Amino acid sequence: MSLLELKQVKKIYQQGKIEVPALRGIDLLVEEGEFTTIFGPSGSGKTTLLNMIGCLDTPTDGEICLNGNRVSNLSKKELAMTRRFNIGFIFQNHNLIPVLTAYENVEFAIRLVGKLSEKEMKEKVLKMLSEVGLKGKEHRKPGELSGGENQRVAIARALVKEPKIILADEPTASLDSQTAQDVITYMVNMNEELGATFIFSTHDPQIMAYAHRFINLKDGMISSDQKRV
Numbered sequence: 326m327s328l329l330e331l332k333q334v335k336k337i338y339q340q341g342k343i344e345v346p347a348l349r350g351i352d353l354l355v356e357e358g359e360f361t362t363i364f365g366p367s368g369s370g371k372t373t374l375l376n377m378i379g380c381l382d383t384p385t386d387g388e389i390c391l392n393g394n395r396v397s398n399l400s401k402k403e404l405a406m407t408r409r410f411n412i413g414f415i416f417q418n419h420n421l422i423p424v425l426t427a428y429e430n431v432e433f434a435i436r437l438v439g440k441l442s443e444k445e446m447k448e449k450v451l452k453m454l455s456e457v458g459l460k461g462k463e464h465r466k467p468g469e470l471s472g473g474e475n476q477r478v479a480i481a482r483a484l485v486k487e488p489k490i491i492l493a494d495e496p497t498a499s500l501d502s503q504t505a506q507d508v509i510t511y512m513v514n515m516n517e518e519l520g521a522t523f524i525f526s527t528h529d530p531q532i533m534a535y536a537h538r539f540i541n542l543k544d545g546m547i548s549s550d551q552k553r554v
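Just so we're aligned: the sequence shown equals residues 326 to 554 in the working numbering.
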């Protein structure tokens, strides 16, 4: 059984009386542990596809299954619960809570899941921050950290609840090349050591260099889907 399956997923947005198709029938299987990139020109449907996979939106037509469970027709509340327990997000601009420390930003994500004791939660948050290279900086707020360090906090936040899938939308676009390489290295390590499944929307050749699979979108359809030999 695949971790993620999309069957003829379509998304049409209504602009007045005009229908704008963003996805035109996507068939996709993603296995656990993949490190996959989705790329294509502006308007090709990358963000819409990530929103479908991340349960941030629902398809106009078609079916989406996550870990064997159909999620394409869930209510908003059910989608929110699915995101909370199964999906981690890494955004281009971090989306950290500015008044919280690095520790508190990561703790917030795992506290929402609510499965651990206070002691277990503290141990897990500290371990995750250490694994992304932020040991000793746990109590700094986003304004006291560099762009690369904030992105590492975002990675730790996405991974701490051990989600089925981590979705990363242009995660290195706002970083300099060296910081981007450091961040990519951490994500590759998480993929290899923890088996975390990553799906990127990106054109960054630094990420492409490590990807196992390359999905090219064009006009809301998959124009090519290749795996690294």
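Just so it is clear, CB atoms sit at the ideal spot from N, CA and C, and this is done for glycine as well.
Quick caveat, the model's predicted, so the values are computed rather than measured.
- Within a 10 Å sphere around the beta-carbon of Met406 sit fewer than 16 other beta-carbons, which makes this residue exposed.
- Spanning the alpha carbons of Lys486 and Leu470 requires a straight line of approximately 23 Å.
- Here the segment 540–552 lies against the segment 344–356, with 3 or more beta-carbon pairs under 8 Å apart.
- The beta carbons of Gly387 and Gly520 sit no closer together than 7 Å.
- Beta-bridge analysis with DSSP links Glu344 to Gln339.
- Under DSSP, Ser549 shares a beta bridge with Asn541.
- In summary, Pro384 is buried, with 16 or more beta-carbon neighbours lying within 10 Å of its beta-carbon over all protein chains present.
- Between the alpha carbons of Glu474 and Ser397 lies a gap of roughly 35 Å.
- In the three-state reduction of the DSSP assignment, Thr383 falls in the coil class, being assigned neither a helical nor a strand state.
- Each of Ala498, Leu374, Pro467 and Leu451 was checked against the Cα of Ile540, and the nearest Cα belongs to Leu374.
- A straight line joining the alpha-carbon of Thr361 with that of Lys444 spans about 35 Å.
- When C-beta atoms of the segment 335–342 are compared with those of the segment 508–516, fewer than three pairs fall below 8 Å, so the two segments do not count as touching.
- The shortest C-alpha to C-alpha distance from Gly368 to any of Arg553, Leu542 and Lys552 is the one to Leu542.
- Cβ-Cβ separation between Gly370 and Leu348: approximately 5 Å, consistent with a contact (criterion under 8 Å).
- In the structure shown, the three-state DSSP call for Glu487 is coil.
- Secondary structure at Gly473: helix, using DSSP grouped into helix, strand and coil.
- A Cβ-Cβ distance of about 6 Å is found for the pair Leu421 and Ala479, placing them in contact under the 8 Å criterion.
- Taking 7 Å as the cut-off, the Cβ atoms of Thr504 and Asp529 do not count as close.
- A contact is defined here as three or more CB-CB pairs under 8 Å, and the segment 427–436 meets this definition with respect to the segment 454–470.
- When DSSP reads this structure, Ala493 sits in a beta bridge with Ile415 and Phe525.
- Scanning its chain for C-beta atoms nearer than 7 Å, with the 5 sequence neighbours on each side dropped, one finds around Gly472 the residues Ser499, Leu500 and Thr504, in chain order.
- Each of Gln506, Val554, Leu328 and Gln551 was checked against the Cα of Ile412, and the nearest Cα belongs to Leu328.
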